[in-house]
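Please read the structure below before turning to the comments.
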Amino acid sequence: MGKMKTAEKLPPIEQLRGRPLGRILMKMGVLSRDKVHECLNIQKQRGGDVRIGEIFMELGLVDETQLQVALAAKRGMEYVSIDGVDIPQDVVEKVP
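Just add 1467 to wherever you are in the sequence shown, counting from 1, and you've got my numbering.
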C-alpha cells in the first residue's frame, strides 16, 4: 500500500472538495489510476450498489484511516484522529 502522505503534503482541501474519491486517493499517492479504474469496473459489474470506498477496502488497496482522510477531504473537511485521546465519559454520553 505504501506510506500515506501526511496532511501537510496533500493539496489544499479546497482543491479536493467534491472530487471523486478515487481521484482524491490518487492525489494522496495511495492509488494508481489503473487501480481506480479496475475498482470502478468492479463497481459497474456489481450494478453500482456498492460504494467505491468499500471496494478499495475489500481489495486491500486502502486502510480505514486513508479512506477516512479521503472522505473528509471530499467533504471539504480536514481529518482529525482522536486515537489515544482520553474523552471524559460525560462527554461520550452526550453524543447521540
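Just so it is clear, CB atoms sit at the ideal spot from N, CA and C, and this is done for glycine as well. Just so you know, these numbers come straight off a predicted model, no measurement behind them.
Task: Closest by C-alpha distance to Lys1502, when choosing among Lys1561, Gly1520 and Arg1513 - done: Counting from 1 along the sequence shown, the entry for residue 1502 is found at position 35. Of Lys1561, Gly1520 and Arg1513, the residue nearest in Cα terms is Gly1520.
Open item on the list: For Arg1513 and Asp1557, I'd like the C-alpha separation in whole angstroms.
Closed with: Mapped onto the sequence shown, residue 1513 falls at position 46. Mapped onto the sequence shown, residue 1557 falls at position 90. Take the alpha-carbon of Arg1513 and the one of Asp1557: they are about 44 angstroms apart.
Open item on the list: Taking a contact to mean a Cβ-Cβ separation below 8 angstroms, would you say Leu1492 touches Ala1537 in this structure?
Closed with: The residue given as residue 1492 occupies position 25 in the sequence shown. The residue given as residue 1537 occupies position 70 in the sequence shown. In contact: Leu1492 and Ala1537 (Cβ atoms closer than 8 angstroms).
Open item on the list: Looking only at its chain, what residues have a beta carbon closer than 6 angstroms to the beta carbon of Tyr1546, apart from the 5 residues adjacent to it on each side?
Closed with: Here residue 1546 is taken as the residue at index 79 of the sequence shown, counted from 1. For Tyr1546, where only same-chain residues beyond five positions count, the Cβ hits under 6 angstroms are Gln1535, Val1536 and Ala1539.
Open item on the list: Do Lys1541 and Leu1488 count as a contact pair if the criterion is CB distance below 8 angstroms?
Closed with: Position 21 of the sequence shown holds residue 1488. Position 74 of the sequence shown holds residue 1541. Cβ distance < 8 angstroms, so Leu1488 and Lys1541 count as in contact.
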